[in-house]
Amino acid sequence: MSDSSTTKELLAGMLNKPLFVVMRTPRDLTRVPELLDAHLKWAILAQQRGELFASGPFVSDQTLPGELGGMSILRAADHAEALRIVQSDPFIAHGVYDVDVRKWLLMEGGLTLHVSFSNQRFSLL
201 MSDSSTTKEL LAGMLNKPLF VVMRTPRDLT RVPELLDAHL KWAILAQQRG ELFASGPFVS
261 DQTLPGELGG MSILRAADHA EALRIVQSDP FIAHGVYDVD VRKWLLMEGG LTLHVSFSNQ
321 RFSLL
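The opening position of the sequence shown corresponds to residue 201 in the working numbering, with each subsequent residue numbered one higher.
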């Protein structure tokens, strides 16, 4: 990696937000129907607690959502906490998916939210 002052300045101005990426790999998808509601409730509660930044299945035109695995991004103090959070997901606890948890720095990108007051609608771009 470059050690120039320009590089250091550019990196210093970026977000540098530590998060944890959870890659989900299918193990036993036969249990998805019985555990889906519990998994969705877990995700909603994790989001409400501020632990879940983003999550969802990988998709393709040839498979059902989740058959290819999925990904979650967690807010956690350290790897152990991220692992504790994801292991409480019924899909993980009951062996539907295996997981690989990695620390990640959110550096660049963006989010655009459009709010229309006249009709109380919003869109995320």
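We put the CB at the ideal spot given by N, CA and C, even for glycine. Being a predicted model, the structure only gives us computed values, none of them experimental.
Q. Roughly how many angstroms separate the alpha carbons of R276 and R302, rounded to a whole number?
A. Note that residue 276 is Ala in the sequence shown here, rather than Arg. Going by the C-alpha atoms only, they are around 11 Å apart.
Q: Grab the span of the alpha helix (DSSP H) containing R284 for me, first residue to last.
A: H279 to Q287
Q.
Can you give me the C-alpha to C-alpha distance between I273 and V315, rounded to a whole angstrom?
A. 25 Å
Q) To the nearest angstrom, how far is it from the Cα of V299 to the Cα of L211? A) 30 Å
Q) Grouping DSSP H, G and I as helix and E and B as strand, with all else coil, what is S204? A) coil
**Q.** Strand pairing of L252, partner residues [DSSP]
**A.** L274
(Q) Quick check on this structure: which residue in P226, Q320, I244 and L252 has the alpha carbon closest to the alpha carbon of L283? (A) L252
**Q.** Among P290, H294 and G295, nearest to L245 - alpha-carbon criterion
**A.** P290
Q: Work out the CA separation of Q248 and L235 for me, nearest whole Å.
A: 20 Å
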